[in-house]
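One structure is given below, encoded as structure tokens.
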Amino acid sequence: MMYKLIIVGGGFGGLVLANRLLDKGFKDFLLLERNDRLGKKILVTGNGRCNLTNVDVSVSRYHGDNAAFCASALERFGSSELITFFAELGLVVTEEGGRFYPLSRSAASVLDCLRLRIDGAPLPDGKKLCECESKVVDIRYENGRYMLTAENGKKYQAENVVLAFGGKSGANLGTDGSGFLLAEKLGYTVTKLTPSLVQLKTSDFSKSLSGVKHKACVTLYDGDRFIATEDGDFLFVDGGVSGNAVFELSSRLSLTSRPQIKIDFIPNMTREELSSALMKKVKHFGFLPAEKLLVGYVHSALSAWIASRCGVKGIQISELTASQLSDVIACVKNCRAKIDGAFDFKASQVTHGGVSTKEVDEVTFSGKKSKGLYIVGEALDVDGDCGGFNLQWAFSSAMAAAENFI
Ligand SMILES: Cc1cc2nc3c(=O)[nH]c(=O)nc-3n(C[C@H](O)[C@H](O)[C@H](O)COP(=O)(O)OP(=O)(O)OC[C@H]3O[C@@H](n4cnc5c(N)ncnc54)[C@H](O)[C@@H]3O)c2cc1C
Numbered sequence: 248m249m250y251k252l253i254i255v256g257g258g259f260g261g262l263v264l265a266n267r268l269l270d271k272g273f274k275d276f277l278l279l280e281r282n283d284r285l286g287k288k289i290l291v292t293g294n295g296r297c298n299l300t301n302v303d304v305s306v307s308r309y310h311g312d313n314a315a316f317c318a319s320a321l322e323r324f325g326s327s328e329l330i331t332f333f334a335e336l337g338l339v340v341t342e343e344g345g346r347f348y349p350l351s352r353s354a355a356s357v358l359d360c361l362r363l364r365i366d367g368a369p370l371p372d373g374k375k376l377c378e379c380e381s382k383v384v385d386i387r388y389e390n391g392r393y394m395l396t397a398e399n400g401k402k403y404q405a406e407n408v409v410l411a412f413g414g415k416s417g418a419n420l421g422t423d424g425s426g427f428l429l430a431e432k433l434g435y436t437v438t439k440l441t442p443s444l445v446q447l448k449t450s451d452f453s454k455s456l457s458g459v460k461h462k463a464c465v466t467l468y469d470g471d472r473f474i475a476t477e478d479g480d481f482l483f484v485d486g487g488v489s490g491n492a493v494f495e496l497s498s499r500l501s502l503t504s505r506p507q508i509k510i511d512f513i514p515n516m517t518r519e520e521l522s523s524a525l526m527k528k529v530k531h532f533g534f535l536p537a538e539k540l541l542v543g544y545v546h547s548a549l550s551a552w553i554a555s556r557c558g559v560k561g562i563q564i565s566e567l568t569a570s571q572l573s574d575v576i577a578c579v580k581n582c583r584a585k586i587d588g589a590f591d592f593k594a595s596q597v598t599h600g601g602v603s604t605k606e607v608d609e610v611t612f613s614g615k616k617s618k619g620l621y622i623v624g625e626a627l628d629v630d631g632d633c634g635g636f637n638l639q640w641a642f643s644s645a646m647a648a649a650e651n652f653i
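Numbers given in the numbering used here equal positions in the sequence shown, counted from 1, plus 247.
Printed below as a string of structure tokens:
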């Protein structure tokens with residue numbers, strides 16, 4: 248069967264596009280999804296709550312070889328347009344610290360709103376709007392039409408194709424990066440792919456800290472050169488560090504060759520304030536070992552680790568010298584760790600790199616190398632910060648691509 252449009256990928260962007268087309272009465276499309284159901288990844292976003300967008304959507308929150316590419320779509324289809332779009336689909340969103348979530352606090356309700364009209368009953372003429380378990384493995388442009396082949400051998404034809412196959416992060420959710428081969432087959436350049444919004448590897452912390460969470464201010468350096476700083480959750484994991492603050496910095500890791508981080512575990516106290524607070528500890532709890540000095544300020548496991556790192560483990564608090572106290576305070580306020588790279592794509596939320604934005608029109612999202620081909624979402628060399636910016640980008644680019652058909 249020949250379609251006016253085939254959408255490759257039934258993730259967030261593909262589903263937004265399909266819903267927008269339906270809203271405007273355009274039904275001559277087929278959405279192909281490799282998984283057995285649509286939008287699997289949506290369910291895990293925002294820890295199952297789906298952080299849809301952010302109050303602070305602007306080009307500065309996006310990365311790629313040419314992040315300014317995002318400006319037009321973000322301006323036309325920003326966070327208020329996203330909120331209105333979902334309101335039309337019956338989903339109410341609510342803001343929490345600048346981030347927008349569904350009022351239900353459930354990513355499943357976002358997916359339901361996006362999927363029910365697409366994988367529900369067939370159209371009156373018997374046509375379906377989507378086919379799952381259809382992984383597109385080949386695409387060619389011949390005689391003014393696209394010929395697509397799925398892994399199961401099925402063949403499809405369309406005048407236009409939107410590539411919405413996502414990135415390389417979350418292979419278990421259908422995005423293993425193989426979609427990029429389709430763009431390459433049509434002559435497009437794929438820039439270097441690296442995992443972003445991901446834990447960072449370091450061997451500078453002990454295993455005993457795994458699972459310890461803290462609010463902290465984390466700064467990324469390349470050697471001694473400042474790169475960026477982030478306040479937020481900081482989590483020790485086996486072999487590395489995680490949490491929102493670390494995720495944010497991971498998107499800047501490609502700018503470094505000798506990465507290291509500085510952690511301030513008590514950013515809301517100056518060294519002097521911490522020092523005078525600890526003097527009270529010395530006065531009242533001098534009989535305790537130094538491992539307990541910071542209990543009440545940081546997690547007890549972190550307090551013990553800091554004592555160990557400063558070489559004061561086992562020494563009574565009252566016996567600590569001024570220089571030892573100063574070392575402990577330095578370790579709390581300026582704890583350094585060498586970064587040995589990022590965890591791999593499996594652990595990452597988003598992919599840095601993708602189809603080169605130099606080869607795509609920033610207004611229509613049409614590829615410059617082939618007529619009737621459009622590329623949206625994470626498949627492009629655009630990745631956003633943590634906080635709803637990536638779903639927003641998939642939305643903005645999909646809405647812009649939809650304009651070509653309505
Ligand atoms: C754990 C996790 C949590 C996240 N949380 C958030 C969050 O809270 N907020 C936020 O903004 N972003 C979040 N993200 C990022 C966000 O989910 C993605 O950036 C966004 O979904 C990208 O949308 P997309 O439509 O471009 O691609 P995707 O949503 O990844 O969809 C791509 C779809 O294409 C399908 N596909 C791939 N190749 C083929 C093929 N060859 N043939 C057919 N189908 C194919 C895939 O199976 C998939 O369904 C999170 C990501 C992860 C992994």
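Glycine included, every Cβ here is placed at the ideal spot set by N, Cα and C.
Distances taken from the Cβ of Phe494 to the heavy atoms of ligand 1 include none shorter than 7 Å. Placement of the Cβ of Phe592 at a distance of 7 Å or more from every heavy atom of ligand 1 is found. With fewer than 16 other Cβ atoms inside 10 Å of its own Cβ, Thr568 counts as exposed.
When secondary structure is reduced to three states using DSSP, Arg362 falls in the helix class.
In terms of side-chain proximity, the C-beta atom of Arg284 is found no nearer than 7 Å to any non-hydrogen atom of ligand 1. For Gln563, the shortest C-beta to heavy atom distance toward ligand 1 is 7 Å or greater.
Cα atoms of Lys402 and Lys274: separation of roughly 20 Å, rounded to the nearest angstrom. Distance from the C-beta of Val597 to the nearest heavy atom of ligand 1 is below 7 Å. Rounded to whole angstroms, the Cβ separation of Leu447 and Gly490 is 10 Å, and the two are not in contact under 8 Å.
Judged by pairs of C-beta atoms under 8 Å, the region 416-434 touches the region 617-632, as three or more such pairs exist. Per DSSP, Asp628 lies in no beta strand (DSSP E) segment and is marked neither H nor E.
If you compare the alpha carbons of Cys360, Gln596 and His461 with that of Asn637, the shortest gap goes to Gln596. The DSSP assignment places complete alpha helix (DSSP H) segments of no fewer than 4 residues inside the region 340-400 at 354-362, in order along the chain. With a cut-off of 8 Å on Cβ pairs, the region 378-389 is not in contact with the region 586-600, counting fewer than three such pairs.
For the pair of segments examined, the region 497-505 was found not to touch the region 542-549: the number of CB pairs separated by less than 8 Å stays below three. Between ligand 1 and the CB of Lys288, the shortest heavy atom gap is smaller than 7 Å.
The continuous alpha helix (DSSP H) containing Cys578 extends over residues Ala569 to Lys580. The Cβ atoms of Gly286 and Phe259 lie closer than 8 Å to each other. Here the alpha carbon of Glu389 sits roughly 51 Å from the alpha carbon of Gly479. When only Cα atoms are considered, Leu329 and Phe642 end up about 7 Å apart. With fewer than 16 other Cβ atoms from the protein chains shown falling within 10 Å of its own Cβ, Asp587 counts as exposed.
Distance between Arg284 and Ala354, taken at the CA atoms: about 15 Å.
Between Thr604 and Asp628, the beta carbon gap of about 5 Å places them in contact (Cβ cut-off 8 Å). In the displayed model, Met526 falls within a helix according to three-state DSSP.
Of all C-beta pairs linking the region 296-315 to the region 404-416, fewer than three are shorter than 8 Å, placing the two stretches out of contact.
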